[in-house]
Amino acid sequence: METIQLLVSGLANGCIYGLIALGFVLIYKATEAVNFAQGDMMMLGAFLTLGFANSNFLGLPFLIAVPLAILSMGVIGYLIDIVIIRRLFGQSQVAIVIVTIALGFVMRFAAGNIFGFEPQTLESPLIGRDVTVGGIFLGLDELLVIIATIGLTVGFWLYFSNTKLGIAMQAASQNQLAAYYMGIPVKRVQSLIWAIAGMMAAVAGILYASKGSIDPNAGLLGIKAFAAAVIGGMGSLPGALLGGIIVGMIEPFASRYIPAGYSQVMPYLLLFLMLVFRPHGILAQVHRKKV
0 METIQLLVSG
10 LANGCIYGLI
20 ALGFVLIYKA
30 TEAVNFAQGD
40 MMMLGAFLTL
50 GFANSNFLGL
60 PFLIAVPLAI
70 LSMGVIGYLI
80 DIVIIRRLFG
90 QSQVAIVIVT
100 IALGFVMRFA
110 AGNIFGFEPQ
120 TLESPLIGRD
130 VTVGGIFLGL
140 DELLVIIATI
150 GLTVGFWLYF
160 SNTKLGIAMQ
170 AASQNQLAAY
180 YMGIPVKRVQ
190 SLIWAIAGMM
200 AAVAGILYAS
210 KGSIDPNAGL
220 LGIKAFAAAV
230 IGGMGSLPGA
240 LLGGIIVGMI
250 EPFASRYIPA
260 GYSQVMPYLL
270 LFLMLVFRPH
280 GILAQVHRKK
290 V
């Protein structure tokens, strides 16, 4: 029974990593850029929901605060692209990585100064509601995390595979100049992707905050989510979910059976081994570019 409980806990945490990893993959899939501020966008989305919903701030109904926070993060993601990322057009990927890392520090500083640096709890109707299935204790928040993550992963995978805009996004990532000559509005497509990634970050932040407290340093979860994206396959949406689940599963079992000083290293050890033996990830999607 303990093993099953660890599996459930790891699955719920892994789905949070998977949701953040989806943001990494969405941006990389469409622009070949890596947004290292994705975890901090998750944190900011959680704090926006807290600000809208908690009685100490605006005190809006939870069902209004959630979509408002998601839309707000979509606008923030859109603005990040048109105000910052677009100005780096033609620069190396290293420049974008450095800018997004710096952007993450700014988000953490801003959230801390506005909402405080101490852990805070989102006033969510999911807190304290539990279900028991066959003697397995499962929080309603954990169940919602699992369902939402699987649904979003499948939805985006179908969207990228079967819609004109999804195919256009992939075309823009493979060859921006050729996509532009084919009539694809490359800049608009990329801005849309950043907006979607912002909304995905908000969903992950809301679900994460519903499971416990939130503080500005929660954005550092993006490091584990990036590891999950690489393990699953950086260009694969199902791979992001798979990688998140693998990392999430490793953590509770490592904490239970490995000395404390080593358990936190296990996800990164797996990332190291993956980069050595299968650098493109489990569900690798490697394409050759035409030049």
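Heads up: the sequence shown at position 45 corresponds to 44 in numbering that gives the first Met the number 0, and the numbers run straight through without jumps.
All residues carry an ideal CB built from backbone N, CA and C; glycine is no exception.
(message) Taking the beta carbon of Phe276 as the centre, do at least 16 other beta carbons fall within 10 Å, making it buried, or is it exposed?
(response) Numbered from its first residue, the sequence shown carries residue 276 at position 277. Answer is exposed; the Cβ neighbour count stays below 16.
(request) Report the three-state DSSP secondary structure of Ile305 (helix, strand or coil). (result) The structure shown does not extend to residue 305, since the chain is modelled only from 0 through 290, so no value can be given for it.
(message) Rounding to the nearest angstrom, what Cα-Cα distance links His286 and Leu139 in this structure?
(response) Residue numbering aside, residue 286 sits at position 287 when the sequence shown is read from its first letter. Residue numbering aside, residue 139 sits at position 140 when the sequence shown is read from its first letter. Residue placement at His286 is poorly supported in this model, since its pLDDT is 49, which falls under 50; the coordinates still yield a value, given next. The alpha-carbon atoms of His286 and Leu139 are separated by roughly 40 Å.
(request) Could you tell me the distance, in whole angstroms, from the CA atom of Tyr207 to the CA atom of Met181? (result) Mapped onto the sequence shown, residue 207 falls at position 208. Mapped onto the sequence shown, residue 181 falls at position 182. Those two C-alpha atoms are separated by around 41 Å.
(message) Distance check for Ala177 and Val290, CA to CA, integer angstroms please.
(response) Residue numbering aside, residue 290 sits at position 291 when the sequence shown is read from its first letter. Residue numbering aside, residue 177 sits at position 178 when the sequence shown is read from its first letter. The pLDDT assigned to Val290 is 42, lower than 50, so where the model puts this residue is not dependable, and the model offers no usable value.
(message) In whole angstroms, give me the CA-to-CA distance for Ala36 and Val98.
(response) Residue mapping note: residue 36 aligns to position 37 of the sequence shown, counting from 1. Residue mapping note: residue 98 aligns to position 99 of the sequence shown, counting from 1. Taking the straight line joining both Cα atoms gives about 9 Å.
(request) Quick one: give me the first and last residue of the alpha helix (DSSP H) that Met106 is part of. (result) Locating residue 106 in the sequence shown gives position 107, counting from the first residue. Met106 -> alpha helix (DSSP H) spans 92 to 114.
(message) Quick check on this structure: which residue in Phe225, Asn112, Met198 has the alpha carbon closest to the alpha carbon of Ala45?
(response) For the purposes of this step, residue 45 is taken as the residue at position 46 of the sequence shown. Among Phe225, Asn112, Met198, the Cα nearest to that of Ala45 belongs to Met198.
(request) Could you check what DSSP says for Val290 in three-state terms: helix, strand or coil? (result) Reading the sequence shown from its first residue, position 291 is the one you call residue 290. Its pLDDT being 42, under 50, Val290 is placed unreliably by the model, and nothing is read from it.
(message) Quick check: the stretch 185 to 202 against the stretch 222 to 237, are at least 3 beta-carbon pairs closer than 8 Å?
(response) No contact exists between the stretch 222 to 237 and the stretch 185 to 202.
(message) Let me check understanding here. Comparing Cα to Cα, which of Ile79, Val188, Glu1, Gly38 lies closest to Lys223?
(response) Counted from its first residue, the sequence shown places residue 223 at position 224. It is Gly38 whose Cα lies nearest to the Cα of Lys223.
(request) Tell me, please, whether the CB atom of Gly22 is closer than 8 Å to any CB atom in chain D? (result) Among the protein chains of the structure shown there is no chain D, as only one such chain exists.
(request) Let me know the secondary structure DSSP gives Thr120 once reduced to three states. (result) Against the sequence shown, residue 120 aligns to sequence position 121. Reduced to three states, the DSSP call for Thr120 is strand.
(message) Taking its Cβ as the centre, do 16 or more other Cβ atoms sit within 10 Å of Ile3, making it buried, or is it exposed?
(response) To locate residue 3, count along the sequence shown from 1; it is residue 4. The C-beta of Ile3 has fewer than 16 other C-beta atoms within 10 Å across all chains shown, which makes the residue exposed.
(message) According to DSSP, is Gly138 part of a helix, a strand, or is it coil?
(response) On the sequence shown, position 139 is the one that residue 138 refers to. The answer is strand: DSSP assigns Gly138 an E or B state.
(request) Would you mind stating whether Met248 and Leu10 have Cβ atoms separated by less than 8 Å? (result) Counting from one through the sequence shown, the residue named residue 248 turns up at place 249. Counting from one through the sequence shown, the residue named residue 10 turns up at place 11. Here Met248 is near Leu10, since their CB atoms are less than 8 Å apart.
(message) Taking the straight line between their C-alpha atoms, what separation do you get for Lys288 and Pro118?
(response) Taking the first residue of the sequence shown as position 1, residue 288 is located at position 289. Taking the first residue of the sequence shown as position 1, residue 118 is located at position 119. Low per-residue confidence applies at Lys288: pLDDT is 45, beneath 50, and the placement is therefore not dependable, though the value from the model is reported in the following sentence. Distance between the alpha carbons of Lys288 and Pro118 is about 46 Å.
(request) Please go through the stretch 235 to 284 and give each complete beta strand (DSSP E) segment of 3 or more residues, from N-terminal end onward. (result) Segments of the beta strand (DSSP E) lying fully in the stretch 235 to 284: there are none.
(request) Output yes or no for whether 8 Å exceeds the beta carbon distance between Met41 and Ala200. (result) Translated into positions along the sequence shown, residue 41 becomes position 42. Translated into positions along the sequence shown, residue 200 becomes position 201. Yes, they are a contact pair.
(request) Note the first and the last residue of the continuous alpha helix (DSSP H) segment covering Glu1. (result) Translated into the one-based positions of the sequence shown, residue 1 becomes position 2. DSSP places Glu1 inside the alpha helix (DSSP H), whose first and last residues are 1 to 30.
(request) In the DSSP assignment, find the unbroken alpha helix (DSSP H) run with Met41 in it and report its ends. (result) Position 42 of the sequence shown, counted from the first residue, corresponds to residue 41. Unbroken alpha helix (DSSP H) run through Met41: 37 to 52.
(message) Going by DSSP in three states, Val33 sits in which element: helix, strand or coil?
(response) Taking the first residue of the sequence shown as position 1, residue 33 is located at position 34. In the structure shown, Val33 sits in coil (DSSP, three-state: anything other than H, G, I, E or B).
(message) Residues in the same chain with beta-carbon distance under 8 Å from Trp265, minus the five sequence neighbours each way, listed in chain order, please.
(response) If you number the sequence shown from 1, residue 265 lands on position 266. First, the amino acid is wrong: residue 265 is Met here, not Trp. Within the same chain, Cβ atoms closer than 8 Å to the Cβ of Met265 are found at Ile249, Glu250, Ala253, Ile257, the five residues on either side in sequence being excluded.
(request) Work out the CA separation of Thr148 and Gly115 for me, nearest whole Å. (result) The residue labelled residue 115 in the question sits at position 116 within the sequence shown. The residue labelled residue 148 in the question sits at position 149 within the sequence shown. The alpha-carbon of Gly115 is positioned some 29 Å away from that of Thr148.
(request) May I have the straight-line CA-CA distance separating Ala109 from Phe51, to the nearest angstrom? (result) Walking along the sequence shown from the start, residue 109 turns up at place 110. Walking along the sequence shown from the start, residue 51 turns up at place 52. Going from the Cα of Ala109 to the Cα of Phe51 covers about 16 Å.
(message) For the alpha helix (DSSP H) containing Met181, name the first residue and the last one.
(response) Stepping through the sequence shown from its first residue, residue 181 is reached at position 182. No alpha helix (DSSP H) holds Met181; DSSP gives it neither H nor E.
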